[in-house]
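First residue of the sequence shown? That's 207 in the numbering used here, and the numbers climb one at a time after it.
Data first, discussion second: the structure below is written as structure tokens.
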Amino acid sequence: MIARGIFFALLLIFALAIAGCNQPGSGDSVGNTSSSSEVANTSEVIEKKIMTSLLPYDGFTYKSVNITCDGSTIDVVATSPELDGTDIYRFVYDNGTLILKSYCLEALPLSLKEKAIAIAMSDERVRNQNPSGEVTVRRVLPETASKFYQPKELFSVTWHGETIVSALVDVEEEIVVSVWNSRSSD
207 MIARGIFFAL LLIFALAIAG CNQPGSGDSV GNTSSSSEVA NTSEVIEKKI MTSLLPYDGF
267 TYKSVNITCD GSTIDVVATS PELDGTDIYR FVYDNGTLIL KSYCLEALPL SLKEKAIAIA
327 MSDERVRNQN PSGEVTVRRV LPETASKFYQ PKELFSVTWH GETIVSALVD VEEEIVVSVW
387 NSRSSD
């Protein structure tokens, strides 16, 4: 009998708690649905902006795109099985505007990477620095490239050895635009 009384008391408390969730003026379900809908719509808009802002290399497409958010910062990691490497983008979403803040674009055809390395090694300034260690080839977008050369796609070839040696390569013209190392500028 006592157990039955406790059961009904708990049932009554539960019923009152549920009833209290739908009090007028404290946010009805239509308002909450609208808010959830607005968040979903905003997320879809941001995702569409991100997807149209991604720049896979020369006609290739990404097969895998992972998007993570931390506040207004959005990180995107994208890969394609046809390309060697990974492209990483960092965006900031501010007042309805998606801004590309930084990138590391290594998803490139292996043949292009080899060509960029060969062009870099054909430059006497690079050879004189005896580059060694792991080599990376990264794509430099025209907006960034214009700060060093011309507004066109370039490639950064970097050796990560005892001395870091980096060459900015114009593959189209088959020239090295500039050379840097961890000891001094050239």
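Even glycine gets a Cβ: it sits at the ideal position worked out from N, Cα and C.
Model, not experiment: these values are computed from the prediction.
Since residue i is in the alpha helix (DSSP H), which residue starts that stretch and which ends it?
{"i": "T350", "result": "P348 to A351"}
{"i": "V332", "result": "E330 to R333"}
For the beta strand (DSSP E) holding residue i, just list the boundary residues, first then last.
{"i": "V271", "result": "S270 to D276"}
{"i": "K319", "result": "Segment L316 to M327 is the alpha helix (DSSP H) holding K319; no beta strand (DSSP E) there."}
{"i": "V282", "result": "T279 to T285"}
{"i": "S384", "result": "I381 to N387"}
{"i": "T303", "result": "T303 to L311"}
{"i": "S372", "result": "I370 to D376"}
{"i": "D300", "result": "D293 to D300"}
Please check if any C-beta of chain D sits within less than 8 Å of the C-beta of residue i.
{"i": "Y295", "result": "Of the protein chains in this structure there is only one, and it is not chain D."}
Who are the near neighbours of residue i in its chain, counting only those whose CB is closer than 7 Å to its CB and skipping five residues on each side?
{"i": "G291", "result": "E312, A313 and L314"}
{"i": "P230", "result": "Since pLDDT at P230 reaches only 36, below the 50 mark, its modelled position is unreliable, and the value read off the structure follows with that caveat. Nothing meets the Cβ criterion."}
{"i": "L360", "result": "V346, A351, L374, V375, D376 and V383"}
To the nearest angstrom, report how far apart residue i and residue j are at their CA atoms.
{"i": "S384", "j": "N247", "result": "45 Å"}
{"i": "H366", "j": "S388", "result": "10 Å"}
{"i": "N301", "j": "S278", "result": "10 Å"}
{"i": "R333", "j": "K321", "result": "16 Å"}
{"i": "E378", "j": "P287", "result": "24 Å"}
{"i": "V236", "j": "V283", "result": "Since pLDDT at V236 reaches only 37, below the 50 mark, its modelled position is unreliable, and the value read off the structure follows with that caveat. Going by the C-alpha atoms only, they are around 37 Å apart."}
Quick check on the burial criterion: 16 or more other C-beta atoms within 10 angstroms. Buried or exposed for residue i?
{"i": "D293", "result": "buried"}
{"i": "R344", "result": "buried"}
{"i": "V251", "result": "exposed"}
{"i": "I381", "result": "exposed"}
{"i": "Q335", "result": "buried"}
{"i": "T364", "result": "buried"}
{"i": "S372", "result": "buried"}
{"i": "F354", "result": "exposed"}
{"i": "A324", "result": "exposed"}
{"i": "S362", "result": "buried"}
{"i": "C227", "result": "With a pLDDT of 35 at C227, under the threshold of 50, the modelled position of that residue is not reliable, and the figure given next carries that caveat. Per the 10 Å Cβ criterion, exposed."}
{"i": "D392", "result": "With a pLDDT of only 45 at D392, under 50, the local geometry of the prediction cannot be trusted, and the value read off the model is given with reservation. Exposed is the call here."}
Considering only residues of the same chain and omitting the five flanking positions on each side of residue i, which have a CB-CB separation below 8 Å?
{"i": "E368", "result": "S338 and G339"}
{"i": "E253", "result": "I273"}
{"i": "L259", "result": "The amino acid at residue 259 is misidentified as Leu; the sequence shows Ser. Contacts found: Y295, F297, L304 and L306."}
State the CB to CB distance for the pair residue i and residue j, rounded to an integer number of angstroms; the pair is presumed to be in contact (CB under 8 Å).
{"i": "L289", "j": "I256", "result": "Actually they are not in contact, since the Cβ atoms of L289 and I256 sit about 19 Å apart, beyond 8 Å."}
{"i": "T285", "j": "Y263", "result": "Contact flag wrong, Cβ pair sits at about 12 Å."}
{"i": "D276", "j": "R296", "result": "With 8 Å as the limit, D276 and R296 do not qualify as a contact, their Cβ atoms being about 10 Å apart."}
What residues in its chain sit with their C-beta under 6 Å from that of residue i, if we drop five residues either side in the sequence?
{"i": "K319", "result": "V343"}
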